[in-house]
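Asker: Input: one structure, supplied below.
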Amino acid sequence: MSDVNAIDENEREQLEECEEVDNTALAAMKALRSFFGIGELRCNQLMARFHIHPTSTVGELATRQVLDLTGALSNMKIENDLKREILDNIKRLKTTGTYRGRRHALNLPVRGQNTRSQIKNAIKFNRIDRKL
């Protein structure tokens with residue numbers, strides 16, 4: 048408990064947020080991969096960096112490991128920051144009038160997929176929220 052007394056106010060708030068999740072038996076790997084922008088590779092890198100076993104649960108993690116993970120995640124572009132960057136890139140492509148930007152504007156496949164025989168499916172399935 049002496050570790051908790053030695054940390055500053057921001058880390059104390061982060062620790063309280065993590066303790067709310069701490070009560071669940073959620074696997075640590077699954078909890079990390081639930082963030083937008085963290086896939087299997089980055090999850091494995093984080094777990095190796097902080098010496099977390101792949102089968103451990105969030106409740107089994109030490110408070111220092113949880114604080115280290117939250118510190119590492121705060122330095123990464125995940126969730127809303129990453130979504131905003133992607134939308135800004137799409138908006139930039141549209142304003143410059145590139146081929147990819149026009150394809151995004153028309154909700155058509157951007158990366159060269161065929162649309163001759165399955166244009167309705169391409170329009171239906173390649174739709175993401177591209178508006179700010």
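Counting in our numbering, the sequence shown runs from 48 upward without gaps.
Each residue gets a CB set at the ideal place from its N, CA and C atoms; glycine is no exception.
On the three-state DSSP scale, how would you describe A109?
Answerer: Coil.
Asker: How many Å lie between R34 and T110 at the Cα?
Answerer: The displayed coordinates of the chain run from 48 to 179. Any statement about residue 34 would go beyond what the structure contains.
Asker: Give the secondary structure of N162 by DSSP, where H, G and I count as helix, E and B as strand, and everything else as coil.
Answerer: Strictly speaking, residue 162 in this sequence is Thr, with Asn absent from that position. Three-state DSSP puts T162 in coil, outside helix and strand.
Asker: By the three-class DSSP mapping on this structure, what secondary structure does T142 have?
Answerer: It is helical.
Asker: Where does T23 fall in DSSP's three states?
Answerer: This structure does not reach residue 23, given that the chain is present from 48 up to 179, and the question cannot be answered.
Asker: Please report how far the alpha carbon of K167 lies from the alpha carbon of D135, in whole angstroms.
Answerer: If I take the Cα positions, the gap works out to 27 Å.
Asker: Since I believe T104 is in contact with A75 (beta carbons under 8 Å), could you give me their beta-carbon distance rounded to a whole number of angstroms?
Answerer: Right, their Cβ atoms sit about 6 Å apart.
Asker: According to DSSP, which residues form a beta bridge with A95?
Answerer: Paired residue(s): none; A95 is not in a bridge.
Asker: Please name the residue in M94, I133 and N127 whose C-alpha comes closest to that of F82.
Answerer: It is N127.
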